[in-house]
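Trainee:
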Amino acid sequence: MVLIPSNITAPESTLSQAPQALGAHFDAFELKLLSHRISAGFPSPAADYAEEGLDLNRYLVENKPATFMFTVKGDSMMGAGICDGDKVVVDKALKPKHKDIVVAVVDDEYTIKRLYQLRGRIELQPENPNYQPITFNEGSQLQIWGVVVGVVRKYSHASSRGSHQ
Numbered sequence: 056m057v058l059i060p061s062n063i064t065a066p067e068s069t070l071s072q073a074p075q076a077l078g079a080h081f082d083a084f085e086l087k088l089l090s091h092r093i094s095a096g097f098p099s100p101a102a103d104y105a106e107e108g109l110d111l112n113r114y115l116v117e118n119k120p121a122t123f124m125f126t127v128k129g130d131s132m133m134g135a136g137i138c139d140g141d142k143v144v145v146d147k148a149l150k151p152k153h154k155d156i157v158v159a160v161v162d163d164e165y166t167i168k169r170l171y172q173l174r175g176r177i178e179l180q181p182e183n184p185n186y187q188p189i190t191f192n193e194g195s196q197l198q199i200w201g202v203v204v205g206v207v208r209k210y211s212h213a214s215s216r217g218s219h220q
């Protein structure tokens with residue numbers, strides 16, 4: 056149960072559903088990881104060969120029984136590169152630390168924010184200046200559900216919608 060001071064309002068950005076367990080029903084699928092990095096500035100010639108495989112389950116999941124996925128709803132974390140519709144991978148077994156991005160339960164709803172531990176109080180801070188932090192003073196209880204360890208985003212593409220031109 057979360058005890059929240061009366062001046063705290065519900066978060067504007069939440070996670071859209073209960074967590075989904077990872078790994079239990081997914082077939083392993085290995086992506087080819089190219090040996091060259093992609094330049095985000097000027098283009099660079101890259102080799103067309105794979106150096107090694109990348110299994111996303113192994114890459115994102117360290118504690119399989121304690122790792123879950125949520126779908127993000129809202130834009131309060133866009134400054135951290137987490138956007139509406141993204142999937143976040145959350146590890147319940149990790150101990151949250153100062154400045155970790157966490158999933159917390161506030162007013163019986165999941166929310167995703169950055170955790171700040173400041174001289175006798177805890178704040179859940181959004182990564183969008185349009186939203187206010189949620190502050191917990193000494194004596195208040197906060198339930199941290201888990202620590203965000205990864206973000207998955209699927210970009211819109213004609214073939215993923217079933218239309219082939």
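If you read the sequence shown in the working numbering, its first letter stands for residue 56, the second for the next number, and so on. Glycine is no exception: its CB is placed at the ideal position from the N, C-alpha and C atoms.
Out of curiosity, what's the CA-to-CA distance linking residue 63 and residue 192?
Mentor: Since pLDDT at residue 63 reaches only 38, below the 50 mark, its modelled position is unreliable, and the value read off the structure follows with that caveat. The straight-line gap from Cα to Cα measures roughly 11 angstroms.
Trainee: Grab me the residues of residue 188's own chain with a C-beta within less than 6 angstroms of its C-beta, minus the 5 sequence neighbours each way, in chain order.
Mentor: Contacts found: 178 and 180.
Trainee: Could you check if residue 168 is buried or exposed, using at least 16 other CB atoms within 10 Å of its CB as the buried criterion?
Mentor: buried
Trainee: Drop a sphere of 10 angstroms on the beta-carbon of residue 120, count the other beta-carbons inside from all chains shown, and report buried for 16 or more, exposed for fewer.
Mentor: With a threshold of 16 other beta carbon atoms within 10 Å, residue 120 falls short and is exposed.
Trainee: What's the gap between the Cα of residue 194 and the Cα of residue 152?
Mentor: 19 angstroms
Trainee: Taking residue 164 and residue 133 to be in contact with their CB atoms under 8 angstroms, please state how far apart those CB atoms are, rounded to whole angstroms.
Mentor: Rounded, the Cβ-Cβ distance is 19 angstroms, inconsistent with contact.
Trainee: Whole angstroms is fine: what's the gap from residue 202's alpha carbon to residue 150's?
Mentor: 7 angstroms
Trainee: For the beta strand (DSSP E) containing residue 112, name the first residue and the last one.
Mentor: Not the beta strand (DSSP E): residue 112 falls in the alpha helix (DSSP H), residues 111–115.
Trainee: Put residue 121 into one of helix, strand or coil per three-state DSSP.
Mentor: Residue 121 falls in the helix class under three-state DSSP.
Trainee: Once the 5 residues before and after residue 199 are set aside, which same chain residues still bring their CB inside 6 angstroms of it?
Mentor: If you ignore the 5 residues before and after residue 199, its C-beta comes within less than 6 angstroms of the C-beta of 151, 157 and 159, all in its own chain and listed in chain order.
Trainee: Please classify residue 146: is it buried, with 16 or more other beta-carbons within 10 angstroms of its beta-carbon, or exposed?
Mentor: buried
Trainee: When the Cα atoms are used, what is the spatial distance from residue 80 to residue 127?
Mentor: Confidence in residue 80 is poor, its pLDDT being 49 and thus under 50, which makes the residue's placement unreliable; the coordinate value appears in the next sentence. Near 21 angstroms, if we compare the C-alpha coordinates of residue 127 and residue 80.
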